[in-house]
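If you're matching positions, the sequence shown starts at 12 in my numbering and goes up one per residue.
Note that CB positions come from ideal geometry on N, CA and C, so glycine has one too.
Since the structure comes first, as structure tokens, the remarks are kept for the end.
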Amino acid sequence: MLMKQKLKLPKLPFAALVGVLIFCTPAFSVAQNGQYQESFWERADFFVELTPSFMINTESKTVSAPNPAFFSLGVGMVYPNDTFFSFEPSFHFFWNYYLVNNGTVYLAEIENRTATALSFLFNFPAVFSIKPTERSKMKLSPGAAFLLRIPVIAGGVNATDSGWYGTVQDDIDNMGRWFYENGRFLFLSFNAAWIFEHIEKISFGPCVAVYFPLIANLIEKNANGMIVQVGLRLIF
Numbered sequence: 012m013l014m015k016q017k018l019k020l021p022k023l024p025f026a027a028l029v030g031v032l033i034f035c036t037p038a039f040s041v042a043q044n045g046q047y048q049e050s051f052w053e054r055a056d057f058f059v060e061l062t063p064s065f066m067i068n069t070e071s072k073t074v075s076a077p078n079p080a081f082f083s084l085g086v087g088m089v090y091p092n093d094t095f096f097s098f099e100p101s102f103h104f105f106w107n108y109y110l111v112n113n114g115t116v117y118l119a120e121i122e123n124r125t126a127t128a129l130s131f132l133f134n135f136p137a138v139f140s141i142k143p144t145e146r147s148k149m150k151l152s153p154g155a156a157f158l159l160r161i162p163v164i165a166g167g168v169n170a171t172d173s174g175w176y177g178t179v180q181d182d183i184d185n186m187g188r189w190f191y192e193n194g195r196f197l198f199l200s201f202n203a204a205w206i207f208e209h210i211e212k213i214s215f216g217p218c219v220a221v222y223f224p225l226i227a228n229l230i231e232k233n234a235n236g237m238i239v240q241v242g243l244r245l246i247f
């Protein structure tokens, strides 16, 4: 019992430190010269994106799904806000269906699916902003993105069902490796948004994003796997 208690003790100061950083940062917003200086949190904006999306699929439509559409939910942060140049790290979540055929992973229609890939898209763009009007702002942001895909057995499919590599579970295991071979997780991103200030501290407007698979497409010489998103951004 004593040993377990000692193992838990280091977590308390760490949690306390995180709490101080998150909740007490504004308390340290006075510069040494006595003039007020905005804290990190006061200079940051947070946003939510609701984006219907689709993925380009150049593979044979007799095996795979034709450019599947899906819904993506994203959250992100702008720092610093209200400047010409800023950073906007963001995170999007969505899922797609996949199958394995001839040792290759393909996007799948729901009736032919083997796996559901839980997808986490992390985007790290540099943002350039201009203000066409007093209450609107246009944002252009090139960057790099990383797509983390975790395949799980699709609903209605059993792990022991037959698959290309033997069983569905074997296909899932090989699919998890295929997603990260040849840099398939690395994307170039380009985002654009036109944000309108409507009420204090809340703004929203249309946004569009394109994610181009970098290394994989340089090798395979096509646009397979490119993601296009068009939707709405809400900033608060």
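- As for any beta strand (DSSP E) of minimum length 3 sitting wholly inside the region 91-178, the runs are 96-98, 101-112, 115-118, 126-141, 147-164, ordered along the chain.
- A distance below 6 angstroms between beta-carbons, with the five flanking residues on each side excluded, links A155 to the following residues of its chain, in chain order: F135.
- Within the model, the alpha-carbon separation for A137 versus G174 is close to 43 angstroms.
- By the C-beta density criterion, G85 is buried, having at least 16 other C-beta atoms within 10 angstroms.
- For I226, the uninterrupted alpha helix (DSSP H) run begins and ends at 226-231, by DSSP.
- Put simply, of F82, T144, S97, N185 the residue whose alpha carbon is nearest the alpha carbon of V163 is N185.
- Looking at the DSSP output, G85 sits in a beta bridge with E60, H103.
- Cβ neighbours of F102 within its own chain (closer than 8 angstroms, five residues either side excluded): G85, V86, G87, F131, L132, F133, N134.
- In the three-state reduction of the DSSP assignment, R188 falls in the helix class.
- Collapsing the DSSP output to three states places N193 in a helix.
- In this structure, DSSP gives E211 a state outside helix and strand, which the three-state scheme calls coil.
- Judged by their CB atoms, A220 and I183 are not nearer to each other than the 8 angstroms cut-off.
- Of V74, M66, P153, N107, the smallest CA-CA separation from L199 is found for P153.
- A residue is called buried once 16 or more other Cβ atoms fall within 10 Å of its Cβ, and A80, having fewer, is exposed.
- The region 61-77 and the region 228-245 touch, with no fewer than 3 CB-CB distances between them shorter than 8 angstroms.
- Beyond the five residues adjoining it in sequence on each side, F139 comes within less than 8 angstroms, by CB distance, of F95, F96, K150, L151, S152 in the same chain, given in chain order.
- At the C-beta level, Y108 and I121 come within 8 angstroms of one another.
- For the pair F105 and L129, the Cα-to-Cα distance works out to about 6 angstroms.
- The beta carbons of N92 and A55 sit closer together than 8 angstroms.
- With a beta-carbon spacing of about 4 angstroms, C218 and A204 fall inside the 8 angstroms limit used to define contacts.
- N228 sits buried, since 16 or more C-beta atoms from the chains shown fall within 10 Å of its C-beta.
- Collapsing the DSSP output to three states places I183 in a helix.
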